[in-house]
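Quick notes on the structure that follows.
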Amino acid sequence: MTIKLLLSDFYTDLLTVERRSELTALTYSESAEIFLNWLVAENLKISSVTGQNLIYFLLWRRSGGIDDLTIAKDISALRSFGAYLVRKNYWRENAALLIDRPKASKSLPKVLSVEQVESLLSSIDVSTPLGIRDRALFELIYSCGLRISEAVSLKIENLHINEKIVIVRGKGDKERMVPFGEAAKTWLCAYLEVRPSLVKKKVVQEVFVNFRGAPLSRKGVWKNFQSMEAVSGVSAKVHTLRHSFATHLLAGGMDLRSVQELLGHSDLATTTIYTHVENKQLKDSYNKFFPGHESHPEASGKDSAERKSVEDE
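The sequence shown begins at 0 in numbering that gives the first Met the number 0 and counts up by one.
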């Protein structure tokens, strides 16, 4: 069986046998694809894979700059893939179950300043339909604090331009209504004017499409964002726009509960991380402008004890 067919069967297995969500099935399939391509590069047969091979694979991933959270996701994916391979008689036992997941990172999420966000967005070449699409996409992600999956799955029927509202389907298949700003409206209107040149005669429910007129993928979003990084000189991830959205709202005076609703967090404690980000920014500014009068070190110790990762939120 080819890699393509194997991955297709694994994806179906995740949905039907393990009853995973479409997003989880897609994420696990992507990790499995990376693993299978690594096996090819190492000239290893899938039937002969050992626990040691899996460790070498994860070390290879780590050498590429992958963080603990992504490694943990890879391990979860490998466990599901291993269970699938056992069911299909490729493996006698699931070797991935022997690998422990790393503890999630507890560092604060990275946040961009308003000026850095503007630098990123203004670096997009809007002389083409795809450039206009990207500007509209990233303006909306920042203006609404969307996850990548929420942005690429957004349907035309859930985009209300005149009201400046989107209806988003987030984690746990929960819907929420999120307003967006005037800049996002301007670029969305511009994009909807050129969108027909991309979809042509196709009927596509998703708002954002690629050059073939098919729904834009998460990989496509990541690739385009990396180009923006290179041009603007601002180092970030797409998810950083979501972190920045939340932090900027709190800095502007919005209450924590409202930010929780906009982000679609089920637990207020998850949203609280952004108050720690704001507190750190305040302390950094104090230390910068009042040298020799640094803020009390015990305060930062308290913050660290309460930190938790929100990279997946």
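Yeah, the Cβ is synthetic: ideal placement off N, Cα and C, and Gly gets one too.
Review point. Helix, strand or coil: which one does DSSP assign to residue 164?
Key: strand
Review point. Which whole-angstrom value describes the C-beta separation of residue 153 and residue 205, a residue pair presumed to lie in contact below a C-beta threshold of 8 Å?
Key: 7 Å
Check your understanding: Can you tell me the Cα-Cα spacing of residue 260 and residue 1, whole angstroms?
Key -> 44 Å
Practice item. Please classify residue 301: is it buried, with 16 or more other beta-carbons within 10 angstroms of its beta-carbon, or exposed? Key: With a pLDDT of 37 at residue 301, under the threshold of 50, the predicted position of this residue should be treated as unreliable, though the coordinate-derived value follows. Label assigned to residue 301: exposed.
**Study point:** Alpha-carbon spacing of residue 57 relative to residue 70, whole angstroms
**Key:** 7 Å
Practice item. Identify the continuous beta strand (DSSP E) that holds residue 314 and give its terminal residues. Key: No answer is possible for residue 314: it lies beyond the span of the chain, which begins at 0 and ends at 312.
Exercise for review: Tell me whether residue 178 is buried or exposed, calling it buried when 16 or more other Cβ atoms sit within 10 Å of its Cβ.
Suggested key: exposed
**Study point:** Per DSSP, the bridge partner or partners of residue 38
**Key:** Note: residue 38 sits in no beta bridge, so no partner.
Check your understanding: For residue 116 versus residue 13, is the C-beta spacing smaller than 8 Å?
Key -> no
Point to revise | DSSP bridge partner residues for residue 158 (one or two, in chain order) | key: 165
Review point. For the segment 57-68 against the segment 247-265, are there 3 or more C-beta pairs whose distance is under 8 Å?
Key: no
Check your understanding: In this structure, what does DSSP give as the bridge partners for residue 175?
Key -> 167
Point to revise | Beta-carbon contacts of residue 196 that lie in its chain and below 6 Å, excluding the five residues immediately before and after | key: 128
Review point. How should residue 147 be labelled, buried or exposed, when 16 other C-beta atoms within 10 angstroms of its C-beta is the threshold for buried?
Key: buried
Review point. Going by the CB atoms, is the gap between residue 216 and residue 151 shorter than 8 Å?
Key: yes
Point to revise | Range covered by the alpha helix (DSSP H) that runs through residue 244 | key: 237-250
Review point. So is residue 192 buried or exposed if we call it buried at 16+ other beta carbons inside 10 Å?
Key: exposed
Check your understanding: Going by Cα to Cα distance, which pick from 250, 218, 247 is closest to residue 22?
Key -> 218
Practice item. Kindly examine the ligand SAH and report whether one of its heavy atoms sits closer than 7 Å to the Cβ of residue 177. Key: This structure does not include the ligand SAH; it has no bound ligands of any sort.
Practice item. Would you tell me roughly how many angstroms separate the C-alpha atoms of residue 31 and residue 25, rounded to the nearest one? Key: 10 Å
Check your understanding: In the structure shown, what three-state DSSP assignment does residue 205 receive?
Key -> strand
Review point. Residue 95 to residue 73, Cα distance in whole Å?
Key: 10 Å
Review point. Which term fits residue 188, buried or exposed, when burial requires 16 or more other beta carbons within 10 angstroms of its beta carbon?
Key: exposed
**Study point:** Collapsed DSSP secondary structure at residue 195 in the structure displayed
**Key:** helix
Check your understanding: DSSP beta-bridge partners for residue 214?
Key -> 208
**Study point:** Length of the line joining the Cα atoms of residue 133 and residue 76
**Key:** 30 Å
**Study point:** Residue closest to residue 237, alpha-carbon to alpha-carbon, out of 144, 172, 86, 212
**Key:** 144
Point to revise | Straight-line gap, residue 229 to residue 155 (C-alpha atoms, nearest Å) | key: 31 Å
Review point. Do residue 141 and residue 79 have their C-beta atoms closer together than 8 Å?
Key: no
Point to revise | Alpha-carbon to alpha-carbon, residue 194 and residue 11 | key: 31 Å
**Study point:** Nearest candidate by alpha-carbon position, reference residue 121, set 171, 186, 172
**Key:** 186
Check your understanding: Which value, in whole angstroms, describes the spacing of the CA atoms of residue 221 and residue 114?
Key -> 21 Å
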